[in-house]
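Single-structure report; data block below.
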Amino acid sequence: MIFDGHGDIWTDVTNKRIKNKERDIFRKYHLEKFQKGGVNGGIFVIWLDPPYDADPVKRSKEIVESIQCELQDASDILNPVKKFSDLAAGTAAGKINAVTGMEGLSQIGEDIDLINYFYDEVGVRHAMLTWNEENALASGWPGDPRRGLTEAGEKAVRRIQELGMVMDVSHINDKGFWDIMNLAQGPVIASHSNARSVCPAMRNLSDDMLKEIARTGGLTGINSLREFIDENREKQTVERLADHVEYIAELIGIEHIGLGFDFDDYLEEEALGSFSSNLDSPSGKGISNEAEAGNLLEVLQKRGYNQEQLDAIAYKNFYRVFQTVWK
59 MIFDGHGDIW
69 TDVTNKRIKN
79 KERDIFRKYH
89 LEKFQKGGVN
99 GGIFVIWLDP
109 PYDADPVKRS
119 KEIVESIQCE
129 LQDASDILNP
139 VKKFSDLAAG
149 TAAGKINAVT
159 GMEGLSQIGE
169 DIDLINYFYD
179 EVGVRHAMLT
189 WNEENALASG
199 WPGDPRRGLT
209 EAGEKAVRRI
219 QELGMVMDVS
229 HINDKGFWDI
239 MNLAQGPVIA
249 SHSNARSVCP
259 AMRNLSDDML
269 KEIARTGGLT
279 GINSLREFID
289 ENREKQTVER
299 LADHVEYIAE
309 LIGIEHIGLG
319 FDFDDYLEEE
329 ALGSFSSNLD
339 SPSGKGISNE
349 AEAGNLLEVL
359 QKRGYNQEQL
369 DAIAYKNFYR
379 VFQTVWK
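See below:
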């Protein structure tokens with residue numbers, strides 16, 4: 059059993075519904091890969107994908123409408139998760155557990171009460187303040203390194219925690235990371251970030267950041283994207299990705315590692331090109347999509363990891379965070 063802590067499934071659903079007038083997208087394009095890879099759940103994020111991020115409010119409404127329609131079409135295979143017990147219920151029913159998250163909050167501006175709307179009406183249970191952009195709350199990693207959380211951003215962090223949503227620091231710049239940690243009241247995650255000491259991409263986490271996440275009881279989700287595995291393309295493989303797992307495990311413990319693959323093999327070219335130069339194969343060799351998700355666990359098993367450790371990484375650590383945070 060595998061829980062993937064980060065995926066852009068709702069983006070694909072929205073694009074195919076709007077542009078191709080299709081329905082039941084998950085069943086047609088994703089279900090087989092999830093089943094083949096042993097993935098029975100994940101965080102599906104509301105991401106304002108380029109070029110549609112030019113109008114965040116409009117795009118957000120399109121995605122929310124698409125989610126609601128898709129959940130109706132796929133009610134026999136997708137299980138929307140809003141509380142911890144929903145995970146076990148979905149697994150028992152043989153469905154894919156879908157936790158809806160938010161990869162950035164640029165659509166809310168400074169209106170913090172809109173976070174309540176997404177929680178209550180959309181069923182969102184996870185949030186990041188920003189993707190790669192600068193918005194009214196914070197700055198993504200490519201933005202001004204001196205700019206941390208704004209006053210509205212601090213209010214957003216407090217509201218997210220009050221509601222019992224999982225706070226996610228992937229994508230935020232370093233100053234914003236530490237600002238969030240100063241406000242942390244429980245587990246904080248980096249849903250799809252690797253170790254900066256293994257691959258010096260700024261989207262990865264420094265040792266001090268990893269230790270701080272562990273201090274909160276949170277975790278970091280291992281990311282399959284080539285740029286975050288290694289600088290050398292020849293080393294952008296599932297084996298090298300396993301090195302990140304081993305490094306982080308030695309630094310802060312296996313209990314603070316999950317999987318957040320961020321598979322993007324289905325994204326449109328403009329959206330993918332906004333953050334990756336590997337349009338032909340954005341994820342590493344041997345770990346290219348959900349169907350290959352289990353390959354990382356196989357590598358770790360060959361390196362001596364036992365089943366208890368593998369299960370912790372595969373899904374139990376994420377489940378522990380959810381059980382702690384969700385109200």
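Quick note: the sequence shown uses my numbering, first residue 59, plus one each step.
Note that the Cβ used here is the ideal one computed from N, Cα and C, for glycine as well.
May I ask which residues mark the beginning and end of the beta strand (DSSP E) holding residue i?
{"i": "P138", "result": "136-138"}
{"i": "H64", "result": "60-65"}
{"i": "E161", "result": "154-161"}
{"i": "N190", "result": "First-last for N190: undefined, no H or E at that position."}
{"i": "V103", "result": "97-104"}
Residue i to residue j, Cα distance in whole Å?
{"i": "T158", "j": "I121", "result": "11 angstroms"}
{"i": "Q219", "j": "V103", "result": "18 angstroms"}
{"i": "E308", "j": "K141", "result": "32 angstroms"}
{"i": "G162", "j": "E366", "result": "33 angstroms"}
{"i": "A112", "j": "L172", "result": "19 angstroms"}
{"i": "S346", "j": "E209", "result": "40 angstroms"}
{"i": "G148", "j": "N155", "result": "6 angstroms"}
{"i": "F235", "j": "V224", "result": "15 angstroms"}
{"i": "G244", "j": "F376", "result": "14 angstroms"}
{"i": "K233", "j": "W199", "result": "9 angstroms"}
{"i": "L145", "j": "G222", "result": "16 angstroms"}
{"i": "L283", "j": "G311", "result": "23 angstroms"}
{"i": "C127", "j": "A351", "result": "27 angstroms"}
{"i": "K360", "j": "L368", "result": "11 angstroms"}
{"i": "N190", "j": "D202", "result": "11 angstroms"}
{"i": "G95", "j": "E348", "result": "6 angstroms"}
{"i": "R304", "j": "F286", "result": "The sequence given here places Glu at residue 304; Arg does not occur at that position. Roughly 15 angstroms separates the two Cα atoms."}
{"i": "G63", "j": "W384", "result": "15 angstroms"}
{"i": "V256", "j": "R378", "result": "26 angstroms"}
{"i": "Y110", "j": "R117", "result": "6 angstroms"}
In or out: residue i buried (at least 16 other Cβ within 10 Å) or exposed?
{"i": "E327", "result": "exposed"}
{"i": "T78", "result": "Per the sequence shown, residue 78 should be read as Asn rather than Thr. Classification of N78: exposed, given that the 10 Å Cβ count is below 16."}
{"i": "L195", "result": "buried"}
{"i": "Y43", "result": "One cannot answer for residue 43 here, as it falls past the ends of the chain, which runs 59 to 385."}
{"i": "E212", "result": "buried"}
{"i": "K74", "result": "buried"}
{"i": "D107", "result": "buried"}
{"i": "N290", "result": "exposed"}
{"i": "Y175", "result": "exposed"}
{"i": "G362", "result": "exposed"}
{"i": "Q165", "result": "buried"}
{"i": "D266", "result": "exposed"}
{"i": "E292", "result": "exposed"}
{"i": "G152", "result": "exposed"}
Starting from residue i, trace the alpha helix (DSSP H) both ways and give me its first and last residue.
{"i": "L241", "result": "232-241"}
{"i": "L354", "result": "352-360"}
{"i": "E120", "result": "114-131"}
{"i": "R291", "result": "Unbroken run through R291: none, as it is neither H nor E."}
{"i": "N262", "result": "That residue, N262, is in no alpha helix (DSSP H); it is neither H nor E in DSSP."}
{"i": "I378", "result": "What sits at residue 378 in the sequence shown is Arg, not Ile. Its alpha helix (DSSP H) spans residues 375-383."}
According to DSSP, residue i sits in a beta bridge with which residue or residues?
{"i": "M225", "result": "A185, V246"}
{"i": "L309", "result": "Note: L309 sits in no beta bridge, so no partner."}
{"i": "I280", "result": "L317"}
{"i": "T69", "result": "According to DSSP, T69 bridges with nothing at all."}
Within 8 angstroms, do at least three Cβ pairs link the stretch 247-261 to the stretch 315-325? yes
Does the contact criterion of 3 or more C-beta pairs under 8 angstroms hold for the stretch 292-308 versus the stretch 333-344? Yes, the stretch 292-308 is in contact with the stretch 333-344.
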